[in-house]
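These notes are about the structure you will find just below.
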Amino acid sequence: MTEPRETTEMTVLDIRRLYAGVEGKTILRGLSLTVKSGEIHAIMGPNGSGKSTLSHVLMGHPKYEVFKGDVLLDGESILELAPNERAQRGLFLGFQYPMEVPGVKLGSFLNIAYKRMHPEEELEVAEFFGYVDERMDTLNMDASFGARYLNDGFSGGEKKRAEVLQMLVLRPSIAILDESDSGLDIDALKTVARAIDKFASPENGILLITHYQRLLDFVTPDYVHVMIGGKIVKSGGSDLAAKLEELGYKWIKDESTIEVI
Ligand SMILES: Nc1ncnc2c1ncn2[C@@H]1O[C@H](COP(=O)(O)OP(=O)(O)OP(=O)(O)O)[C@@H](O)[C@H]1O
Ligand SMILES: [Mg+2]
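Position in the sequence shown (from 1) plus 330 gives the number in the working numbering.
The structure is reproduced here in structure tokens:
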């Protein structure tokens, strides 16, 4: 396992024995995980194991309910906070299925969100859009996307790029990316993966939810976790992802001493 990079301003997301679900159904079953700035964690796991549920619960999606356990950001529970308050504290989620928001332009959305997250910075509008354009360039996105309604009519891959753009612009301290690599064409995958890798710094922690090693070829995680049945059943270094790619999940289910539901 690689050493965590040297950190400056430290943020810690601490998920403690979390039980949560939706519509009365328990999906997360005692999940614990700590993500610190300077670390890249990958979560892998079969379809339906609860990865997106975890991301929604962390962000405070109102449909999801926490039954037991806690989520602390820098030592303080965030479970009572609204999603926008969590975002202001530096938490970010790039959705697996980004929502279309007709009526809100991507550029204005970024501008409003940026001001809320970085109220101390007084950027001129032109300066801000220059800053956004640079990041669009990094992602090979045409600047015209800024004037389009958020995700409205975007292709699958364009939506994923727009999610990563939000991360690059808003500079969260803990970023959760839920399958940001899915739906991207071969070239876009490399572009987006390199952008994520460049964004990773001692000042942020990144939680990558992914099914494939190919993203991790560009963004090397410090830790890889396997989630099955709503909890983490195995953790390791980046070599674990390569092993999963080769062998799938059956060997973990077989060797796991934790009851897998
Ligand atoms: N509203 C709901 N009602 C009932 N079950 C739900 C609801 N939302 C999610 N689930 C179930 O919770 C389980 C976990 O779903 P989740 O989306 O978290 O899985 P995932 O690990 O992200 O899967 P994938 O790899 O396919 O994205 C699934 O079995 C899903 O059907
Ligand atoms: Mg999912």
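Note that beta-carbon positions come from the ideal geometry of N, C-alpha and C, so glycine has one too.
According to the neighbour-count rule (16 or more other Cβ atoms, all chains shown, within 10 Å of its Cβ), is residue i buried or exposed?
i      : result
Phe422 : buried
Pro392 : exposed
Phe397 : exposed
Ser367 : buried
Lys635 : Within the shown structure, residues of the chain are numbered from 331 to 591, placing residue 635 beyond reach of any answer.
Glu450 : exposed
Ala412 : exposed
Leu603 : Nothing about residue 603 can be read from this structure; the chain reaches only from 331 to 591.
Val431 : exposed
Val387 : buried
Ser438 : exposed
Ala571 : buried
Met447 : buried
Glu410 : exposed
Can you find the residues in the same chain that come closer than 7 Å, C-beta to C-beta, to residue i, ignoring five residues on each side of it along the sequence?
i      : result
Arg416 : Met389, Gly390, Ile408
Thr521 : Leu469, Asn470
Ala525 : Thr468, Leu469, Val494, Leu498
Phe425 : Glu493, Asp508
Leu384 : Leu358, Leu361
Val462 : Gly437, Leu440, Gly476, Val499
Measuring from the CB of residue i, is there a heavy atom of ligand 1 at a distance below 7 Å?
i      : result
Glu353 : yes
Lys381 : yes
Ile357 : yes
Gly631 : The question about residue 631 has no answer, for the chain in this structure spans 331 to 591.
Gly486 : no
Among the options, which has the Cα closest to the Cα of residue i?
i      : options                        : result
Gly405 : Gln543, Thr550, Arg346, Leu546 : Arg346
Leu436 : Gln418, Glu450, Ser474         : Ser474
Asp547 : Lys528, Ser438, Ser568, Lys355 : Ser568
Gly486 : Val462, Phe459, Ser503, Leu519 : Leu519
Pro502 : Asp517, Gly566, Ala443         : Ala443
Asp527 : Asn534, Val549, Asp511         : Val549
Leu500 : Asn377, Gln543, Asn534, Gly513 : Asn534
Phe484 : Ala505, Gly513, Gly460, Glu464 : Gly513
Gly460 : His448, Arg478, Leu440         : Leu440
Tyr427 : Ser510, Thr356, Glu452, His448 : Ser510
Ser565 : Pro532, His555, Pro551         : His555
Val434 : Asp482, Gly351, Glu395, Glu452 : Asp482
Ala530 : Ile506, Gln543, Tyr542         : Ile506
Gln543 : Tyr553, Leu574, Lys355         : Leu574
Rounded to the nearest angstrom, how far is the Cβ of residue i from that of residue j, given a contact under 8 Å?
i      : j      : result
Met557 : Ser379 : 5 Å
Leu537 : Val365 : 5 Å
Leu539 : Lys381 : In the sequence as displayed, the identity of residue 539 is Ile instead of Leu. About 5 Å separates the two Cβ atoms, so the contact holds.
Ile516 : Leu343 : That pair is no contact at about 32 Å.
Please confirm whether any heavy atom of ligand 2 lies closer than 7 Å to the CB of residue i.
i      : result
Asp508 : yes
Gln426 : yes
Between residue i and the rest of its own chain, which residues show a CB-CB distance below 6 Å, the 5 nearest in sequence each way excluded?
i      : result
Tyr348 : Residue identity differs from the one stated: residue 348 is Leu in this sequence, not Tyr. Excluding positions up to five away in sequence, the list reads Leu358, Leu361, Gly399.
Asp584 : none
Arg335 : Residue placement at Arg335 is flagged as unreliable, the pLDDT there being 47, under the threshold of 50; a coordinate-derived value is accordingly withheld.
Give every residue of the same chain whose Cβ lies closer than 8 Å to the Cβ of residue i, excluding the five residues on either side of it in the sequence, and list them in chain order.
i      : result
Met466 : Asp472, Ala473, Phe475, Gly476, Leu495
Glu353 : Lys393
Can you determine whether any heavy atom of ligand 3 sits closer than 7 Å to the C-beta of residue i, and answer yes or no?
i      : result
Gly375 : Questions concerning ligand 3 fall outside what the structure shown contains, since the ligands it does hold are ligand 1 and ligand 2.
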